[in-house]
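Enquirer: One structure is given below, represented as structure tokens, and several questions about it will come after.
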Amino acid sequence: CVRMVADVFGEGETDPGLVCEEILDLCLIKGSKDNMTAAVVKLPKQPIGKGGGVLARRERRGASSAKGNGGDNKDGEQNLQGRVYNPYVPPEKREGEGNGDDDDSDD
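Take any residue in the sequence shown, count from 1 to its spot, add 3: that is its number in this note's numbering.
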């Protein structure tokens, strides 16, 4: 989760509130049904990249979901699997990096 937050800042987001919303959106996309809370503190040394940040991610997800074949499942819940653009790649699935076990975060 720490790496994903850094990635969002690296994509140009400056608003910690929108970063929190993105965290929760990605949890919902992945099917979380638990209570969720997010708090992000941006420290002065956190670099901010160039790009559209969270709003650009939302636009990409919207474009991707419009092309998808999703719909409602038998329980009436929206089926988001396979049709929503998710730019976050967990550390263990990134090329050229370890399996994520060396991450010293407490997520």
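Think of the CB as a built atom: it goes at the ideal place given N, C-alpha and C, for glycine as much as any other residue.
(1) Which residues mark the beginning and the end of the alpha helix (DSSP H) in which L46 is found?
(2) Spatial neighbours of A9 within its chain, please: C-beta separation below 6 Å, excluding the five flanking residues on both sides.
(3) In terms of residue numbering, what span does the alpha helix (DSSP H) encompassing I26 cover?
(4) Can you tell me whether G95 is helix, strand or coil according to DSSP?
(5) Does DSSP put G15 in a helix, a strand or coil?
(6) If E25 and R60 are in contact, beta carbons under 8 Å, what's the gap, nearest whole angstrom?
(7) Apply the 10 Å Cβ neighbour rule to V5 and answer buried if 16 or more other Cβ atoms are within range, or exposed otherwise.
(8) Rounded to a whole number of angstroms, what is the C-alpha to C-alpha distance between K36 and L29?
Expert: So, from the data block:
(1) Your numbering for residue 46 matches position 43 in the sequence shown. Element bounds for L46: n/a, residue is neither H nor E.
(2) In the sequence shown, residue 9 corresponds to position 6, counting from 1. So no residue of the chain qualifies.
(3) To locate residue 26, count along the sequence shown from 1; it is residue 23. Its alpha helix (DSSP H) spans residues 19 to 32.
(4) Position 92 of the sequence shown holds residue 95. According to the sequence shown, residue 95 is Glu rather than Gly. Helix.
(5) Position 12 of the sequence shown holds residue 15. Reduced to three states, the DSSP call for G15 is coil.
(6) Against the sequence shown, residue 25 aligns to sequence position 22. Against the sequence shown, residue 60 aligns to sequence position 57. Correct: roughly 6 Å between the Cβ atoms.
(7) Translated into positions along the sequence shown, residue 5 becomes position 2. Exposed is the call here.
(8) Here residue 36 corresponds to residue number 33 of the sequence shown, with the count starting at 1. Here residue 29 corresponds to residue number 26 of the sequence shown, with the count starting at 1. Cα-Cα distance, rounded: 12 Å.
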